[in-house]
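Trainee:
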Amino acid sequence: MKRRTLLASAALSLALASGAAFAQGDTPKVAFVYVGPVNDGGWSQHHHEAAMKMKEHFGDAIEVIEQESVPEGADAERVLTQMALSGADLIFTTSFGYMDPTINVAAKFPDVKFEHATGYKTAPNVSVYSARFYEGRAVTGYLAGAMTKTNKIGYIGSFPIPEVIRGINSTFIHARKANPDVELSVVWISTWFDPAKEADATQALLDQGADVVLAHTDSTAPLAVLQKAGAYGFGQAADMYEYAPEPRLSSIIDEWSPYYIERVQALIDGTWESTSTWAGIGDGMVGIGEFTGPIPEEALAAATKMKDDIASGAYHPFTGPLNKQDGSAWLAEGEVADDGTLAGMDFYVEGLTTEIPN
Amino acid sequence: MIRLERRLEPSRLWTVLTPLLAVALTMLAGGLMFALLGKPPLEAIRTIFWDPLFHPQFASYSRPQLLVKAGPLILIAIGLSVGFRAGIWNIGAEGQYIMGAVCGAAVGLAFYPSDSALLFPLMVVAGGLGGWAWAMIPALLKTRFGTNEILVSLMLVYVAQNILASASSSWLRSPEGMGFPGSRNFKQWPAVHNAELLPETGMHWGVVAALIAVIAAYVLLARHIQGFNIRLTGEAPRAARFAGVSPARIIVLCLGISGTLAGLAGLFEVTGPAGQVTIDFNSGYGFTAIIVAFLGRLHPVGILLAGLLMALTYIGGELAQLMLGLPGASIQLFQGMLLFFLLATDVFTNYRIRLSRREVA
Amino acid sequence: MDPVLLVASIMVSATPILLAALGEMVVEKAGVLNLGVEGMMITGAVMGFAVAVGSGSPLLGFAGAALAGAVLSLSFGLLTQYLLSNQVATGLGLTLVGLGLSALIGSSFEGLRAPSLPKLDLPLLGDLPVLGPMLFRHDIMVYVSLALVGAVWAFLKFTRAGLILRAVGENHDSAHALGYRVVHVRLAAIAFGGACAGLGGAYVSLVRVPQWTEGMTAGAGWIALAIVVFASWRAFGVLLGAYLFGGVSVLQLNLQAAGTTVPVELLSMSPYLITIIVLVIISARGVHGAPGSLGRPFHAAA
């Protein structure tokens with residue numbers, strides 16, 4: 000209890016020292032915490048690049064501090080506290096595992112604002128933001144279904160969490176729309192980052208007859224393997240245009256910078272308040288890379304239309320009729336999945352043959 | 000020709016001087032590196048070594064954090080050092096740490112939301128047992144089949160990581176977590192929260208356990224017959240056998256101690272600073288503790304100091320990233336340099352440097 | 000499941016750990032325990048990539064990687080052999096240094112693509128049915144790694160230098176008394192180990208992935224260390240261990256891809272569990288063979 004008072008008083012003295020508002024020419028300080036190194040070529044790198052774009056947008060009007068490779072758990076709580084103590088006004092915590100640390104630290108520093116990526120816990124000074132990557136997966140899944148000749152597509156998963164399961168379901172549903180005979184094989188590699196293992200997993204899927212492979216891990220290793228084999232894949236997290244036109248057909252791009260600019264602007268304007276954002280293609284948080292490679296005309300048209308319809312809200316990737324894997328009914332004809340079910344999705348849709356590991 | 004001559008006794012003077020010399024050399028080399036990266040070298044070094052202890056803004060927070068960070072490192076390293084003294088190479092403390100945390104948390108969560116005062120002690124026992132049991136696998140394979148414990152303990156780290164991933168995404172997953180991975184948060188469950196014992200000190204049960212372990216290890220190694228047997232086994236295995244020391248018993252004892260302590264460290268961490276079981280809950284303490292053990296020359300007091308020094312470089316390194324924008328990799332390299340210089344200057348403690356004209360045959 | 004494709008995948012997948020483990024085995028045969036394999040591998044990965052990108056030649060990249068690994072390992076050699084520092088701690092320090100250094104060097108090589116190493120389509124052999132696609136259509140480094148296994152085996156078994164190296168590792172005091180220069184032999188072994196680890200790392204960044212990203216070896220160095228123990232310090236044991244580990248890793252991914260009903264958790268643990276089980280079976284038959292002076296510092300008392 001006393002510690003809280005100490006921190007509160009530390010925060011208070013800081014607030015007094017720096018002035019709570021930015022009226023006196025004080026530059027707001029925006030902090031970012033990353034789970035991996037800022038050049039991991041994937042998740043953390045994209046948050047970092049977006050932060051840099053945001054910094055470029057505001058120039059000297061703000062100050063940006065960053066910390067990379069912060070393990071989730073006790074270390075995260077310390078790093079966040081130190082950032083708050085150093086006078087940060089807005090802190091972006093860019094990994095799911097920072098959820099509880101963010102909430103804990105936010106409780107101690109009511110004047111500091113927090114933005115937690117991909118979580119669900121909010122507070123008066125904590126917002127959450129996340130991207131509807133499953134919308135992008137609908138488009139890439141459709142293309143995968145249209146391009147496979149062996150009727151078998153592969154999917155590399157990291158851990159069986161809702162985010163990944165949503166991606167698998169969305170991919171499968173839309174691959175079937177393009178090609179009703181398609182089968183989806185999933186390989187779990189129990190890591191977000193291990194390029195050599197990602198390459199091995201891709202090769203294993205190819206050896207088992209898949210000719211299009213989608214990855215839910217961040218490195219370009221799968222594309223490199225696909226290129227050698229003459230098979231197809233997609234950019235993940237980044238455009239990965241260096242692998243166009245083949246094997247890369249398109250990509251799902253993490254576009255965080257518009258959101259960062261918007262939120263920092265709100266901070267400067269004094270209009271920041273706690274929000275929950277789950278944005279997709281339409282809001283520009285999920286980018287779909289240019290279509291490349293030998294995609295047939297009608298598939299190209301259908302994918303483009305799907306992308307536009309999702310963006311405009313005319314189409315929801317999880318629209319009934321859809322059954323769960325065990326055959327039980329999930330969504331009736333025309334019914335659309337609610338965000339709560341999607342957020343905690345822990346089941347496969349009908350047609351997928353393997354089981355979710357647990 | 001420079002020649003090294005072994006001292007009969009390690010020099011007391013140099014024992015004190017070498018760490019200082021090493022830190023000075025690291026500052027020089029590290030400062031050069033920071034300058035090459037285009038960062039102010041003096042400020043960087045001050046931020047790493049001085050600010051966590053004395054910075055007006057941070058020190059009141061980061062000083063206690065030193066104990067929080069050093070606690071598990073010391074606890075694990077003490078256990079490892081006992082085994083290393085006996086020539087038993089448990090390099091899988093990371094796995095034992097994970098299993099301690101998972102077992103302890105599982106026992107606790109089985110009684111959720113009990114507020115019994117007995118629950119936390121029960122979890123501590125379960126955590127210690129979890130680590131102990133995981134270490135008994137290499138121990139028994141070694142005593143029964145002569146299987147090398149280095150390989151087995153290391154491989155079991157990866158197995159434990161898989162168990163951890165599975166635990167946090169299914170059988171220990173919080174039912175209120177909306178399907179996201181991660182257990183319930185022990186910080187929101189006062190009966191089992193391993194909170195600070197004294198406010199503003201960073202002292203939690205894990206730090207207390209680490210300090211007790213330091214004293215116990217000191218007594219064991221210096222005064223107790225088993226401690227003598229352990230050292231004898233490491234230094235002169237044949238003599239130990241003649242003296243009637245059973246190698247199998249020493250193996251089981253040493254791996255048991257190190258596994259138990261690593262398991263306890265995991266339990267205290269998961270119920271305290273970390274708060275919950277998550278996929279990436281382990282942050283390499285089990286491996287860093289090996290460095291701490293050797294940096295402390297396998298001596299309990301040395302380990303205590305080495306653990307604090309490592310913690311300082313972690314927290315100072317974080318501050319340097321934060322304040323000066325240093326890349327995380329440069330901090331890692333800086334820690335490596337510090338380690339290298341500490342090890343290199345150690346030569347003065349055990350050896351006298353002599354200059355001689357001719358090589359002595 | 001097509002065994003031809005499976006074996007071909009295994010050979011590629013196992014090559015990095017095979018190279019690194021082979022080098023480490025020679026180091027340990029000389030009585031030195033260098034736990035810094037991961038650090039040397041990652042340094043080899045970044046330097047190999049940098050040189051290959053700069054020169055346009057993957058082979059030069061491999062040479063650069065070997066050189067970088069050797070140079071880095073000599074810092075370990077200097078500390079452990081001349082300053083008599085503790086080998087375990089120094090090796091772990093080497094890993095920290097390697098990871099940090101490689102990340103700093105590599106930051107300017109993010110996102111670039113390296114020239115690729117062509118597959119050698121061995122004439123005649125490559126056209127053989129079954130065996131051709133299985134064994135004879137790999138890139139040159141796969142064959143280099145296999146040749147190295149044979150060379151190391153022959154070196155240790157038949158040459159005088161190999162005999163001296165083993166003698167130094169078994170009992171450095173006797174070797175010293177016989178007039179062998181223990182420290183020089185060990186430094187040479189350490190440099191060889193560093194070069195091999197560098198090659199292994201470069202195989203990841205130039206062939207396996209091929210790209211540079213920070214921390215990309217992702218623990219392969221630790222597996223290599225375990226493989227040396229598994230091999231009971233024998234060259235063909237290293238080959239067996241690396242291919243077994245790589246084999247189970249690839250096989251479990253294939254089983255997942257094929258939609259087997261074996262639980263995924265069990266499959267992803269299987270490479271580690273099977274390595275343990277096989278080692279238990281081997282050790283139950285009483286084969287050991289750690290070099291006598293392994294990890295002990297050598298000081299020629301005057």
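Protein chains in written order, with numbering that gives the first Met the number 0: chain G, 0 to 357; chain E, 0 to 360; chain U, 0 to 301. Idealized CB from N, CA, C, for every residue including glycine.
Compare the beta carbon distance of G:Val63 and G:Leu79 with 7 Å and say whether it is the shorter of the two.
Mentor: Result no, Cβ atoms of G:Val63 and G:Leu79 do not sit closer than 7 Å.
Trainee: Determine which residues of the region 55-68 of chain E have a Cβ less than 8 Å from any Cβ of chain G, and write them out in chain order.
Mentor: So the list reads Gln56, Phe57, Ser59, Tyr60, Ser61, Gln64, Val67 and Lys68, given in the order they occur along the chain.
Trainee: Measure the Cβ-Cβ separation of U:Ala19 and U:Met46 and say whether it is below 7 Å.
Mentor: No. Outside cutoff.
Trainee: Roughly how many whole angstroms lie between the Cα atoms of E:Thr232 and E:Leu304?
Mentor: Taking the straight line joining both Cα atoms gives about 26 Å.
Trainee: Note down, in chain order, each residue of its chain lying with its Cβ closer than 6 Å to the Cβ of U:Ala299, except the 5 sequence neighbours on either side.
Mentor: Here the set comprises His175.
Trainee: Based on Cα-Cα distance, which residue from G:Ile188, G:Glu332, G:Met239 and G:Asp325 lies nearest to G:Gly286?
Mentor: Closest option to G:Gly286, Cα to Cα, is G:Met239.
Trainee: Where DSSP assigns a beta bridge to G:Phe31, which residues make up the other side?
Mentor: DSSP output for G:Phe31 lists G:Glu65 and G:Phe91 as bridge partner(s).
Trainee: Are E:Asn161 and E:Gly271 close, meaning C-beta to C-beta below 7 Å?
Mentor: No, the Cβ-Cβ distance between E:Asn161 and E:Gly271 is not below 7 Å.
Trainee: Does the contact criterion of 3 or more C-beta pairs under 8 Å hold for the region 254-262 of chain E versus the region 128-144 of chain E?
Mentor: Flag = yes, the region 254-262 of chain E and the region 128-144 of chain E touch.
Trainee: Find the nearest neighbour of G:Pro179 within the set G:Thr147, G:Glu162 and G:Ala200, judged by alpha-carbon distance.
Mentor: Looking at the Cα atoms, G:Thr147 is the closest of the given residues.
Trainee: Classify E:Arg6 as helix, strand or coil using the three-state DSSP reduction.
Mentor: Here E:Arg6 sits in coil by DSSP.
Trainee: U:Gly258: which of G:Pro194, G:Gly232 and G:Ala203 sits nearest, CA to CA?
Mentor: Residue G:Ala203 is the option with its Cα nearest to U:Gly258.
Trainee: Hey, out of U:Val184, U:Leu162, U:Val182 and U:Gly200, whose CA is closest to U:Gly35's CA?
Mentor: The option with the nearest alpha carbon to U:Gly35 is U:Gly200.
Trainee: Listing by chain order, which chain E residues have their CB less than 7 Å from the CB of U:Asn85?
Mentor: Per Cβ cutoff of 7 Å: Phe293 and Leu342.
Trainee: Note down the Cα distance separating U:Met10 from U:Phe244, rounded to an integer number of angstroms.
Mentor: If I take the Cα positions, the gap works out to 11 Å.
Trainee: Quick check: what's the CA-CA separation for E:Phe378 versus E:Leu121?
Mentor: Since the first residue of chain E shown is 0 and the last is 360, residue 378 of chain E is not available in this structure.
Trainee: If I follow the unbroken beta strand (DSSP E) through G:Lys151, where does it start and stop?
Mentor: Unbroken beta strand (DSSP E) run through G:Lys151: Lys151 to Gly156.
Trainee: One question on the structure: do G:Gly41 and G:Asp217 come within less than 7 Å of each other, judged by their Cβ atoms?
Mentor: Yes, these two residues count as a Cβ contact at 7 Å.
Trainee: At which residue ranges does the region 193-263 of chain U contain complete beta strand (DSSP E) runs of 3 or more residues, listed in the order of the chain?
Mentor: You should have found no qualifying run.
Trainee: For U:Ala217 and chain G, any beta-carbon pair shorter than 7 Å?
Mentor: Yes, its Cβ sits closer than 7 Å to a Cβ of chain G.
Trainee: Measuring alpha carbon to alpha carbon, tell me which of U:Pro270, U:Gln251, U:Thr274 and U:Met268 ends up nearest U:Leu5.
Mentor: With distances taken between Cα atoms, U:Leu5 lies closest to U:Gln251.
Trainee: Report back the beta-carbon spacing between E:Val276 and E:Val101 to the nearest angstrom; my notes put them in contact at under 8 Å.
Mentor: About 6 Å separates the two Cβ atoms, so the contact holds.
Trainee: Determine the DSSP secondary structure at U:Asp138, reduced to helix, strand or coil.
Mentor: Correct three-state label for U:Asp138: strand.
Trainee: What residues in the region 79-113 of chain U have a beta carbon less than 7 Å from any beta carbon of chain E?
Mentor: Listed by position along the chain: Leu82, Leu83, Ser84, Asn85, Val87, Ala88, Thr89, Leu91, Gly92, Leu95, Val96, Leu98, Gly99, Leu100, Ala102 and Leu103.
Trainee: Please report how far the alpha carbon of U:Leu265 lies from the alpha carbon of G:Val185, in whole angstroms.
Mentor: The straight-line gap from Cα to Cα measures roughly 16 Å.
Trainee: Suppose the cutoff is 8 Å on Cβ atoms and the five residues either side in sequence are ignored; what does the same chain contact list for G:Leu205 look like?
Mentor: Excluding positions up to five away in sequence, the list reads Gly153, Val212, Val224, Leu225, Ala228 and Ala230.
Trainee: In chain order, what residues of the same chain have a beta carbon less than 7 Å from the beta carbon of E:Ala104, not counting five sequence neighbours either side?
Mentor: Leu171, Ser182, Val269 and Val276, listed in sequence order.
Trainee: Going by the CB atoms, is the gap between E:Leu321 and G:Gln44 shorter than 7 Å?
Mentor: Their beta carbons are not under 7 Å apart, which means G:Gln44 does not touch E:Leu321 by this criterion.
Trainee: Can you give the Cα-Cα distance for G:Pro159 and G:Val127, rounded to whole angstroms?
Mentor: So the two alpha carbons sit approximately 22 Å from each other.
Trainee: Could you check whether the region 85-101 of chain U touches the region 109-122 of chain U, counting it as contact only if at least three pairs of C-beta atoms, one from each stretch, sit closer than 8 Å?
Mentor: No, the region 85-101 of chain U does not touch the region 109-122 of chain U.
Trainee: Strictly below 9 Å CB to CB, what residues from chain U border E:Asp345?
Mentor: Chain U residues near E:Asp345: Leu82, Leu83, Ser84 and Asn85.
Trainee: DSSP on G:Gln324, reduced to helix/strand/coil?
Mentor: Three-state DSSP puts G:Gln324 in coil, outside helix and strand.
Trainee: Are there 16 or more other CB atoms within 10 angstroms of the CB of U:Phe135, so buried, or fewer, so exposed?
Mentor: Buried, because 16 or more other Cβ atoms sit within 10 Å of the Cβ of U:Phe135.
Trainee: How would you list, in chain order, the residues of chain C whose beta-carbon sits under 9 Å from the beta-carbon of U:Ala283?
Mentor: This model lacks chain C altogether; the protein chains it does include are G, E and U.
Trainee: Look at the alpha carbon of U:Ala217 and the alpha carbon of E:Ala116, and state the distance between them as a whole number of angstroms.
Mentor: Answer to the nearest angstrom: the Cα atoms are 43 Å apart.
Trainee: Considering just the uninterrupted stretch of the beta strand (DSSP E) at U:Ser106, what are its terminal residues?
Mentor: First-last for U:Ser106: undefined, no H or E at that position.
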